[in-house]
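Protein chains in written order, with the numbering used here: chain A, 1 to 344; chain B, 1001 to 1344.
The structure is reproduced here in structure tokens:
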């Protein structure tokens, strides 16, 4: 067992602006053996998500940053290869925050079984995992869309946004997505069933969005920031809601962007239109997991929603795929297939 | 009757930046006589409030702007001089949005009686009126302060802020005010009972505020914007609430302020600390008037809260007083005494 190698990706340097390949390092070590009460996990699928960019900065956020030399953090679906833990047997498929590596030792903390009967196990990283829960809670609990209202979702084909848009459609809303590439916009309409999708590269984004939202915007699901926020906020209706899930346009900022200062204008609209702008992090909402799992797995089974994965092969491609994610190059939930899935 | 003169103040020009005396005009006309179903009101007290600055701009807001040549809008306490209205008798004291003038004809719409047994009738413009209701609803319903939490209130000695701070103290919070002049800061602590009050002129506002909020800030009652917002938002605790009531620092802005752009930084804090930022306009919350009137008049009667009025004599001084209000020169609720109060 111990002659096998565990390859892991560590943080080598804190990036300034956009991360580079040299900000990461690859470390090969013998696969460790589990002690009593521990188990050895083999990573099947590693999730790559925009929030990971924030963990690379030495800045107080909602959790401590990754330290230099530490394995990059991330959620993964794994199989138990060897267990000396009373609750997990060899062969079980589990989810855990085991990081960017091929193997991990775990004492079971934060590890939960993945139900392979619901859907392919990789969905535990996407539509049935953290991104799906984020979209479900952010839209339903914070956005509170009502039938006939208009919902705008940015990053509309991403892991979170694609579920937001589809749930909003199920709730009877007009739904307008914002995405980058033309191909993504087509997918948002044709596959996700959105009423329209606008490219953020549109030279008159605000005007095009306004045309697509003739009754204004009641819920803006914010993933992006920057010019998309600017274009949408001017269209918000009185008593509109803005769940703030992310702001990927700014994750590589090295300081406040140049002027003019848009804050006072945003606050004026928040005041006069009586908007509710609410930030959320999904770990505050884990009590919703049972409802989420029941609803979303049901919609999947009934064919009422779809999902799309962008699967990259091998841990060695994780860094390149992550850098592409920050440039919006993925199309669907970005996943690294680290080793062979025993369930398929 | 018709030989008497009604002096009214109209909007002469839309201001660019800070309003000037020449943006207003004084018009003298014979006092009109009421028709059947109408009454003649004599203005006793006129309210001057920051929101009036917004009404001078030709910009869509939550209500249409004042037109050029139109009497400036505003709430007032008046006495019914002559009534041909079935529900109001001569001598009754009433509140209505009758504007900057000495007399007004009304068909009764939006007119409500003022209960002179609760407190001096001028309080219907302040602590028992719209500003008081704004503070009550904004703090209790939107801010939702809990015992032991820290509340920061800007414009802490103003018509709204002075009630916010006192109610927060009644609810068992640590309360830190922000005001301008040293005299106002002293009043906030000595008379309003706040734990501390910081001047926004402090060269290290963020540092001084941090010293006064050792456990961070749970509720920031936002009246001001600008550098006060900047100083407070960095101190907000996870799950903090920011009711947005106004932003007087920006009311004279002629466009977006120069950079850097503070919006992305504010959104990052809203996200990572899971803040709720919620704009409100008091006319959405009129269902709370019975609770508000019962609670605040009760606290007044019991001596648990105090209020302060800054009374200017005569309609001819309204413009100067209003310009001073926008510079923060008033101390307490700004009121113009337009004619003699028959109740005192």
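By construction, the Cβ of each residue, glycine as well, lies at the ideal position given by its N, Cα and C atoms.
This structure is a prediction, so every number in the text was calculated from the model and none was measured.
Item                                                                                                                                                                   : Value
Using the Cα positions of residue 1232 (chain B) and residue 1055 (chain B), report the straight-line distance between them to the nearest angstrom.                   : 28 Å
Return no unless some Cβ of chain A is closer than 8 Å to the Cβ of residue 1288 (chain B).                                                                            : no
Less than 8 Å between CB atoms is the rule here; does residue 1271 (chain B) satisfy it with respect to chain A?                                                       : yes
Output the distance between the C-alpha atoms of residue 63 (chain A) and residue 1070 (chain B), rounded to the nearest integer angstrom.                             : 56 Å
Counting pairs of Cβ atoms below 8 Å between the stretch 1011-1023 of chain B and the stretch 1241-1254 of chain B, do you hit three or more?                          : yes
Can you name, in chain order, every residue of its own chain whose Cβ lies under 6 Å from the Cβ of residue 29 (chain A), other than the five neighbours on each side? : 6
Compute the Euclidean distance between the alpha carbons of residue 1258 (chain B) and residue 257 (chain A), then round it to the nearest angstrom.                   : 11 Å
CB-CB under 8 Å to residue 331 (chain A), same chain, minus the five flanking residues each way: which ones, in chain order?                                           : 157, 181, 183, 184, 187, 308 and 310
Is the beta carbon of residue 1008 (chain B) closer than 8 Å to that of residue 1101 (chain B)?                                                                        : yes
Roughly how many whole angstroms lie between the Cα atoms of residue 1053 (chain B) and residue 129 (chain A)?                                                         : 49 Å
Beta-carbon of residue 1136 (chain B) versus every beta-carbon of chain A: anything under 8 Å?                                                                         : no
Give the single residue among A:288, A:125 and A:282 whose Cα lies nearest to the Cα of residue 74 (chain A).                                                          : A:125
Where residue 1199 (chain B) and residue 1085 (chain B) are concerned, what is the direct C-alpha to C-alpha distance, given to the nearest angstrom?                  : 50 Å
In chain order, what residues of the same chain lie with their CB nearer than 7 Å to the CB of residue 1001 (chain B), ignoring the 5 residues before and after it?    : Reliability of the predicted coordinates at residue 1001 (chain B) is poor, the pLDDT of 47 falling under 50, and the value obtained from them is presented with this limitation in mind. Closer than 7 Å at the Cβ level, and outside the excluded window around residue 1001 (chain B), lie 1031 and 1033.
In chain order, what residues of the same chain lie with their CB nearer than 7 Å to the CB of residue 1215 (chain B), ignoring the 5 residues before and after it?    : 1150
Could you tell me the distance, in whole angstroms, from the CA atom of residue 319 (chain A) to the CA atom of residue 326 (chain A)?                                 : 11 Å
So which of B:1234, B:1313 and B:1154 has the shortest CA-CA distance to residue 1337 (chain B)?                                                                       : B:1313
How would you list, in chain order, the residues of chain A whose beta-carbon sits under 7 Å from the beta-carbon of residue 1178 (chain B)?                           : Per Cβ cutoff of 7 Å: no residues; residue 1178 (chain B) is ~16 Å from chain A at best.
Taking only heavy atoms of the ligand HEM into account, decide whether any of them is closer than 7 Å to the Cβ of residue 1068 (chain B).                             : The ligand content of the structure shown is nil, which means the ligand HEM is not present either.
Can you tell me which of the three DSSP states residue 1072 (chain B) falls into?                                                                                      : coil
8 Å is my cut-off, CB to CB: does residue 55 (chain A) come that close to chain B?                                                                                     : no
Going straight from the alpha carbon of residue 240 (chain A) to that of residue 220 (chain A), what length do you get?                                                : 8 Å
Less than 8 Å between the C-beta atoms of residue 268 (chain A) and residue 1247 (chain B), yes or no?                                                                 : yes
Beta carbon of residue 43 (chain A), beta carbon of residue 78 (chain A): below 8 Å?                                                                                   : yes
Does residue 1128 (chain B) get closer than 8 Å to chain A when you measure Cβ to Cβ?                                                                                  : no
Comparing alpha-carbon positions, which option in B:1057, B:1096, B:1225 and B:1179 lies nearest residue 1041 (chain B)?                                               : B:1096
Is the beta carbon of residue 11 (chain A) sitting closer than 8 Å to the one on residue 334 (chain A)?                                                                : no
Against residue 1278 (chain B), what residues of chain A qualify as contacts under a CB-to-CB distance less than 7 Å, listed in chain order?                           : 276
Tell me whether the beta-carbon of residue 137 (chain A) lies closer than 8 Å to the beta-carbon of residue 282 (chain A).                                             : yes
Rank A:107, A:127 and A:26 by C-alpha distance to the C-alpha of residue 301 (chain A) and give the top, closest one.                                                  : A:127
Name the residues in the stretch 52-79 of chain A whose C-beta lies less than 7 Å from a C-beta of chain B; which are they?                                            : 61 and 62
Short check: CB of residue 192 (chain A) to CB of residue 148 (chain A), under 8 Å?                                                                                    : no
Can you find a CB in chain A that lies within less than 8 Å of the CB of residue 1281 (chain B)?                                                                       : yes
Where does residue 1121 (chain B) land, buried or exposed, given buried means 16+ other C-beta within 10 angstroms?                                                    : buried
Within the continuous beta strand (DSSP E) that includes residue 1046 (chain B), where are the two ends?                                                               : 1039-1047
In chain order, what residues of the same chain lie with their CB nearer than 7 Å to the CB of residue 1235 (chain B), ignoring the 5 residues before and after it?    : 1209, 1210, 1213, 1216 and 1217
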